[in-house]
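Asks: First the structure, then my questions, so here it is.
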Amino acid sequence: MARCVRRFALASPRPSPPPTDGSRRCRWHSGATAAAIRGDSGVPHFLRAGASPPAPGYSLHHLPMGVFRPCAGGDRSPRIGTRVGDVVIDLRCLSRSGLLPELLQEPSLGPFLEAGRDVWREVRATLQQRLLADGSPRSLKHSHAVLSEATLPAADVEMLLPVDVGGFTDFYASPHHARWQQLPNWHHMPLAYNSRASSVVVSGTPVRRPRGQHIRGGEPAFGPSQALDLELEMGAVVGGPANSLGERIPLEAAADRIYGLVLLNDWSARDIQGWEMNPLGPFLGKAFCTSISPWIVPLDALAPFRCDNPPQDPEPLAYLRHDGGVPSLDIRLRAEVLPPGGARPRHTCLSNFRHVYWSLAQFVAHHSSGGCPLRAGDLLGTGTISGPGPEARGCLAELARAGGRVRYLSDGETVSLRAWCGDEEAPLVDFGECVGTVRPARAEGRAD
Numbered sequence: 001m002a003r004c005v006r007r008f009a010l011a012s013p014r015p016s017p018p019p020t021d022g023s024r025r026c027r028w029h030s031g032a033t034a035a036a037i038r039g040d041s042g043v044p045h046f047l048r049a050g051a052s053p054p055a056p057g058y059s060l061h062h063l064p065m066g067v068f069r070p071c072a073g074g075d076r077s078p079r080i081g082t083r084v085g086d087v088v089i090d091l092r093c094l095s096r097s098g099l100l101p102e103l104l105q106e107p108s109l110g111p112f113l114e115a116g117r118d119v120w121r122e123v124r125a126t127l128q129q130r131l132l133a134d135g136s137p138r139s140l141k142h143s144h145a146v147l148s149e150a151t152l153p154a155a156d157v158e159m160l161l162p163v164d165v166g167g168f169t170d171f172y173a174s175p176h177h178a179r180w181q182q183l184p185n186w187h188h189m190p191l192a193y194n195s196r197a198s199s200v201v202v203s204g205t206p207v208r209r210p211r212g213q214h215i216r217g218g219e220p221a222f223g224p225s226q227a228l229d230l231e232l233e234m235g236a237v238v239g240g241p242a243n244s245l246g247e248r249i250p251l252e253a254a255a256d257r258i259y260g261l262v263l264l265n266d267w268s269a270r271d272i273q274g275w276e277m278n279p280l281g282p283f284l285g286k287a288f289c290t291s292i293s294p295w296i297v298p299l300d301a302l303a304p305f306r307c308d309n310p311p312q313d314p315e316p317l318a319y320l321r322h323d324g325g326v327p328s329l330d331i332r333l334r335a336e337v338l339p340p341g342g343a344r345p346r347h348t349c350l351s352n353f354r355h356v357y358w359s360l361a362q363f364v365a366h367h368s369s370g371g372c373p374l375r376a377g378d379l380l381g382t383g384t385i386s387g388p389g390p391e392a393r394g395c396l397a398e399l400a401r402a403g404g405r406v407r408y409l410s411d412g413e414t415v416s417l418r419a420w421c422g423d424e425e426a427p428l429v430d431f432g433e434c435v436g437t438v439r440p441a442r443a444e445g446r447a448d
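In terms of the UniProt record's numbering, the sequence shown opens at residue 1 and continues consecutively.
Here it is in structure tokens:
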């Protein structure tokens, strides 16, 4: 059996803001603190007899999936993992031990996502059985050698992009965000545009202020954007075998094509976007960077938070029509703009996923309705998720549309997105954090 990197450190349950130099370095701690994670028995605290449950946001019910690499050791290659409490579990190790399917030995989640819902649920059920702190012979508490190789403190890993994004489509699905334009087709189909998969990055990656063409002093000019904005969104990660070219995915099968959700910030240069949009829509103003959180939260973990929004009015065409209410999720969202130095946020938005008018299944059914193939790893953004009140505006541009003064993002400011289900102080499911710090536009001719 191949050996995996073993590291000891005291973990932190909440990621820290990214370093100001733009790197995503790991934090280092003394090896003397190993007992905080495994104790003298070598068994993680959540597997010890009589132990309290793991941190609620990362319980055995959650089991998000991501890709990471250890901060140190001879083998720092990417591998698939999950998280329980303050511990990251190396699923490649468990797979090499014969406990999980071989496709989890890949450096990417792509093959796992493509395998489909039956495999997703089998892996999830196996992990829940293996990680129970009970007397069952299937529990990993009896396999100290495997545990010592497969468990790492969360603070001692570097989280990577959780999926190789093949295609990125961004929808426009919040009525409170869309109300400013009053489009006649908005209530009849989920509107969207195809964005750039190549500029999707993991949380913590710095955001370089883009240069582009915009209007300055009434005339076209080229230079750094002066209207850099955030967008509070969530992204749905597509899974399952791809539909063939020309084949549509019916609504009743569409929900099974979504593996899970991530936080998503679709950074936007409003001055570049405003000048270029007519007649074909967004282009360079929204193509320079999109940040997503590192852990994909499976829809199965969100099942207790399912809810129905009211029936859609007018009733959609048959290929988009749900019987009764529209399936949604009760996920609480927060966005903050933090000045340099960690001062109190100068802007805070509080919203909820329930403010998305169209369902995830409707996204998939409409996207494929003309025969467009959807592949495992494709990313479907919800669009800005704004709520009904002034405290729920999911981007800075909405402040200007509402008649207020808007101060767009400055160099050095950090945007932090968070999402959770249940109580914020003790969430039942925690999506973690999606953060990015704005860096100045590159000087002409420089590549750094």
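Glycine residues also receive a C-beta, built at the ideal position from the N, C-alpha and C atoms.
What would DSSP say about S203, mapped onto helix, strand or coil?
Replies: Correct three-state label for S203: coil.
Asks: Would the beta-carbon of G383 be found less than 6 Å away from any heavy atom of the ligand ATP?
Replies: Within the structure as shown, the ligand ATP is missing, as the structure has no ligands at all.
Asks: Counting only the same chain and skipping the five closest in sequence on each side, list residues whose C-beta sits under 6 Å from that of G240.
Replies: If we look at G240 and ignore the five residues flanking it on each side, its Cβ neighbours are G116 and R257.
Asks: Hey, quick one: how far does the beta strand (DSSP E) through A335 stretch, first residue to last?
Replies: Its beta strand (DSSP E) spans residues R332 to L338.
Asks: Could you tell me if D313 is buried or exposed, where buried requires 16 or more neighbouring beta carbons within 10 angstroms of its beta carbon?
Replies: Flag for D313 reads exposed.
Asks: Going by C-alpha distance, which of A221, W275 and A173 is nearest H187?
Replies: Comparing Cα-Cα distances from H187 to each of A221, W275 and A173, the minimum goes to A173.
Asks: Taking P152 as the reference, which of V200, R121 and R79 has the closest Cα?
Replies: Residue identity check: residue 152 is Leu in the sequence provided, not Pro. Out of V200, R121 and R79, R79 has the C-alpha closest to the C-alpha of L152.
Asks: For the segment 203-221 against the segment 290-310, are there 3 or more C-beta pairs whose distance is under 8 Å?
Replies: Yes, they touch.
Asks: Name the DSSP beta bridge partners of E233, please?
Replies: The partner list for E233 (beta bridge, DSSP) reads L264.
Asks: Going by the CB atoms, is the gap between S328 and N309 shorter than 7 Å?
Replies: Their beta carbons are under 7 Å apart, which means N309 touches S328 by this criterion.
Asks: Suppose contacts are defined by Cβ-Cβ distances below 7 Å. Is D411 in contact with V435 by that definition?
Replies: Result no, Cβ atoms of D411 and V435 do not sit closer than 7 Å.
Asks: According to DSSP, simplified to helix, strand and coil, what is H347?
Replies: Reduced to three states, the DSSP call for H347 is strand.
Asks: Where do the N-terminal and C-terminal ends of the beta strand (DSSP E) with F222 fall, by residue?
Replies: That run of the beta strand (DSSP E) goes E219 to P224.
Asks: Between the Cα of F68 and those of Q182, L160 and L228, spot the shortest distance and give me the residue it belongs to.
Replies: Taking only the C-alpha atoms, the option nearest F68 is L160.
Asks: Could you tell me the distance, in whole angstroms, from the CA atom of F363 to the CA atom of V146?
Replies: C-alpha separation (whole angstroms): 41 Å.
Asks: Restricting to Cα atoms, I'd like to know which of T382, S59 and D378 is closest to N243.
Replies: Among T382, S59 and D378, the Cα nearest to that of N243 belongs to D378.
Asks: Expressed to the nearest angstrom, what Euclidean distance is found between the alpha-carbon atoms of L228 and E433?
Replies: L228 and E433: Cα-Cα distance of roughly 20 Å.
Asks: For the beta strand (DSSP E) containing V438, name the first residue and the last one.
Replies: Run containing V438: P427 to R439, per the beta strand (DSSP E) assignment.
Asks: Can you grab the Cα-Cα spacing for the pair R38 / D90, in whole Å?
Replies: Below a pLDDT of 50, predicted positions are generally treated as unreliable, and R38, at 46, falls in that range; the measurement from the model is reported next regardless. C-alpha separation (whole angstroms): 15 Å.
Asks: What span of residues does the beta strand (DSSP E) with S416 cover, start to end?
Replies: T414 to G422 is the extent of the beta strand (DSSP E) around S416.
Asks: In the DSSP assignment, find the beta strand (DSSP E) that holds R76 and state where it starts and stops.
Replies: First-last for R76: undefined, no H or E at that position.
Asks: Secondary structure at E444, three-state DSSP: helix, strand or coil?
Replies: Three-state result, E444: coil.
Asks: Quick one: complete alpha helix (DSSP H) runs, 4+ long, within the segment 238-262?
Replies: Runs found: 251-254.
Asks: Name the one or two DSSP bridge partners that P64 has.
Replies: P64 is not bridged to any residue.
Asks: Compute the Euclidean distance between the alpha carbons of R83 and L63, then round it to the nearest angstrom.
Replies: Straight-line Cα distance between these residues: approximately 6 Å.
Asks: CA-CA distance, R211 and F171?
Replies: Distance between the alpha carbons of R211 and F171 is about 25 Å.
Asks: Go to G274, then tell me how far its alpha helix (DSSP H) extends in each direction, as first and last residue.
Replies: Counting along the chain, the alpha helix (DSSP H) containing G274 begins and ends at R270 to E276.
Asks: Beta-carbon separation of L380 and A236 under 7 Å?
Replies: Yes, the pair counts as a contact, with Cβ atoms nearer than the cut-off.
Asks: Of the choices P190, E424, G274 and Q182, whose alpha-carbon is the least far from that of L317?
Replies: The shortest C-alpha separation from L317 is found at P190.
Asks: Would DSSP call P316 helix, strand or coil?
Replies: Three-state DSSP puts P316 in coil, outside helix and strand.
Asks: Roughly how many angstroms lie between the CA atoms of L428 and R209, to the nearest whole one?
Replies: Distance between the alpha carbons of L428 and R209: 36 Å.
Asks: Taking DSSP's pairing of strands, which residues face S368 in a bridge?
Replies: For S368, which the question treats as bridged, DSSP gives no partner whatsoever.
Asks: Measure the beta-carbon distance from L109 to V163 and round it to whole angstroms, keeping in mind my assumption that it falls under 8 Å.
Replies: Rounded, the Cβ-Cβ distance is 5 Å, consistent with contact.
Asks: Look up Y58 in the DSSP assignment and say whether it is helix, strand or coil.
Replies: Correct three-state label for Y58: helix.
Asks: Evaluate F222 with the Cβ neighbour count: other Cβ atoms within 10 Å of its Cβ, from every protein chain shown; 16 or more gives buried, anything less gives exposed.
Replies: By the neighbour-count rule (16 or more Cβ atoms within 10 Å), F222 is not buried but exposed.
Asks: For L104, does the count of other Cβ atoms within 10 angstroms reach 16, so buried, or fall short, so exposed?
Replies: Result: buried.
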